[in-house]
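Enquirer:
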Amino acid sequence: PAVGRIAAFVNKHTRVTLLAAWLPIQALIFVAQTVAYKDASAWASVVFCTVFLALNLGTFLSRVTGVSSFRPTYAFFNKLTALAGAIGSVVIMFVVSPLGSAAAILFLVALITGFELIHDPRRVFWGDAAQPLWFHLVRKWLLMLDVRKEHPSHWRPNVLQVTCDVE
130 PAVGRIAAFV NKHTRVTLLA AWLPIQALIF VAQTVAYKDA SAWASVVFCT
180 VFLALNLGTF LSRVTGVSSF RPTYAFFNKL TALAGAIGSV VIMFVVSPLG
230 SAAAILFLVA LITGFELIHD PRRVFWGDAA QPLWFHLVRK WLLMLDVRKE
280 HPSHWRPNVL QVTCDVE
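Counting from 130, one number per residue, gives the positions in the sequence shown under the working numbering.
1) Using DSSP with H/G/I as helix, E/B as strand and the rest coil, what is R192?
2) By how many angstroms is the C-alpha of S170 removed from the C-alpha of S191?
3) Would you mind reading off the limits of the alpha helix (DSSP H) that contains T242?
4) Compute the Euclidean distance between the alpha carbons of C178 and N207, then round it to the nearest angstrom.
5) Assuming G229 and V175 form a contact by the criterion Cβ under 8 Å, report the distance between their Cβ atoms to the nearest whole angstrom.
6) So, is L235 buried or exposed, given that buried needs 16 or more other C-beta atoms within 10 angstroms?
7) Once the 5 residues before and after W172 are set aside, which same chain residues still bring their CB inside 6 Å of it?
8) Among the candidates G243, S198, L240, whose CA atom is the shortest distance from the CA of P261?
9) Buried or exposed: which applies to F205, given that a residue is buried once 16 or more other Cβ atoms fall within 10 Å of its Cβ?
10) Considering Cα atoms alone, identify which of V196, V193, T188, A183 is closest to Y203.
11) Using CA coordinates, which residue listed in L272, L237, P227 is at the minimum distance from L184?
12) State the Cα-Cα distance for the pair F244 and K269, rounded to the nearest angstrom.
13) Suppose you measure from the CA of V219 to the CA of R134; what does that come to, to the nearest Å?
14) With burial defined as no fewer than 16 other Cβ atoms inside 10 Å of the residue's Cβ, what is the status of A313: buried or exposed?
15) Apply the 10 Å Cβ neighbour rule to A215 and answer buried if 16 or more other Cβ atoms are within range, or exposed otherwise.
Encoded structure:
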């Protein structure tokens, strides 16, 4: 319920959302000027790599699970490049700042766990993990339909008997 309200607010008020994304960046720049540029740049790098981790992990899982709506146009994309990108992001995160990386990964795990606890599967209308399986099954059975059997030479009479007495 809360996620839907946030999404509706974001779709309705794009300028407010842009401002909400701009403020933390400005706060980070302010911290960089007052504390130490090295610390702030390390945190910014960790946040940047966290975004790449989520993106690469999402594309890897989409490819591995066979989501039918996932059609990447990047010529060199495959599941190994996505996995390598996710692993590379984690390695770079821990090289830059081990404490910040642990905090960022814990934040991602808490965020995913929170979404899983909050979201009600009965109220989700945009699909789920079973959608690719259903799509595959429907496509398979539709392709098995033989259009040649619709020819009049294959017609067989069917008898339908209608009665009033059900006994």
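Just so it is clear, CB atoms sit at the ideal spot from N, CA and C, and this is done for glycine as well.
Expert: In short:
1) As a first step, residue 192 must be located in the sequence shown, where it is residue number 63. Helix, per DSSP.
2) Start at 1 with the first residue of the sequence shown, and residue 191 comes out as number 62. Start at 1 with the first residue of the sequence shown, and residue 170 comes out as number 41. The alpha-carbon atoms of S191 and S170 are separated by roughly 31 Å.
3) Reading the sequence shown from its first residue, position 113 is the one you call residue 242. Looking at the DSSP string, the run of the alpha helix (DSSP H) that includes T242 is 227-247.
4) The residue you call residue 178 lines up with position 49 of the sequence shown. The residue you call residue 207 lines up with position 78 of the sequence shown. Their backbone Cα atoms lie some 20 Å apart in a straight line.
5) Position 100 of the sequence shown holds residue 229. Position 46 of the sequence shown holds residue 175. Correct: roughly 4 Å between the Cβ atoms.
6) Translated into positions along the sequence shown, residue 235 becomes position 106. With fewer than 16 other Cβ atoms within 10 Å, it is exposed.
7) Mapped onto the sequence shown, residue 172 falls at position 43. Only G229 meet the Cβ criterion.
8) Counted from its first residue, the sequence shown places residue 261 at position 132. Checking every option, the nearest Cα to that of P261 belongs to S198.
9) As a working note, residue 205 is residue 76 in the sequence shown. The residue is exposed, with fewer than 16 neighbouring Cβ atoms inside 10 Å.
10) Position 74 of the sequence shown, counting from 1, holds the residue named residue 203. Of the listed residues, the one whose Cα sits closest to Y203 is T188.
11) Position 55 of the sequence shown, counted from the first residue, corresponds to residue 184. If we check each option's Cα against that of L184, L237 comes out closest.
12) The residue labelled residue 244 in the question sits at position 115 within the sequence shown. The residue labelled residue 269 in the question sits at position 140 within the sequence shown. Going from the Cα of F244 to the Cα of K269 covers about 33 Å.
13) The residue you call residue 219 lines up with position 90 of the sequence shown. The residue you call residue 134 lines up with position 5 of the sequence shown. Going from the Cα of V219 to the Cα of R134 covers about 32 Å.
14) Summary: the structure shown does not reach residue 313, with the chain confined to residues 130 through 296, and so no result is reported for it.
15) Translated into positions along the sequence shown, residue 215 becomes position 86. With 16 or more Cβ atoms within 10 Å of its Cβ, A215 is classed as buried.
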